[in-house]
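J.: Just dropping this structure here.
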Amino acid sequence: MAKEVVHRLNGNIGFMDFPRDVTAQTRETAYNAYNTLARAKVKTVGFNFESSDYLNSAGIGLVISLVEDAIQSGRTVYAYGLSAHYRKLFSMVGLTERITLVTNEAEMIEKCDQP
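Structure, rendered in structure tokens:
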């Protein structure tokens, strides 16, 4: 399915791999993935946008909602794989005040391993 969000686990870290297009059609699989990670009691969630080329306003709204849910549940959120355009957009909508942007998954894991 082209608009499916896939989740992965690595200990207390959960990952959400977003599809090429992040739109309103992504919402259901994104929340299914997030809820699976929440039930696994992950402390940190990484949003992987390495395959994503397009986020429309509904997609940005979805990311904001997921971030708010994670923060309210005491989770730390990272995002990686964003183009310069989407990094700027995340900053403009205030997401960079709530999450940590990193270059890739390896950098995220390294930051999580630091005391």
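Residues 123 to 237 (our numbering) are what the sequence shown spells out, left to right.
Cβ atoms here follow ideal geometry from the backbone N, Cα and C, with glycine treated the same way.
(1) Inspect the beta-carbon positions of serine 245 and arginine 142 and report whether they are closer than 7 Å.
(2) With a threshold of 8 Å on Cβ separation, who are the neighbours of isoleucine 193 within its own chain once the five nearest residues in sequence on each side are excluded?
(3) Please tell me whether tyrosine 202 and methionine 230 are closer than 7 Å, where the distance is taken between their beta carbons.
(4) Report all residues from its chain with a CB closer than 6 Å to the CB of asparagine 134; omit the five preceding and five following residues, and keep chain order.
(5) Going by beta-carbon coordinates alone, are histidine 129 and alanine 155 separated by less than 7 Å?
T.: Answer, in terms of the structure:
(1) The structure shown does not extend to residue 245, since the chain is modelled only from 123 to 237, so the question has no answer here.
(2) Val199, Arg220
(3) yes
(4) Val164, Lys165
(5) yes
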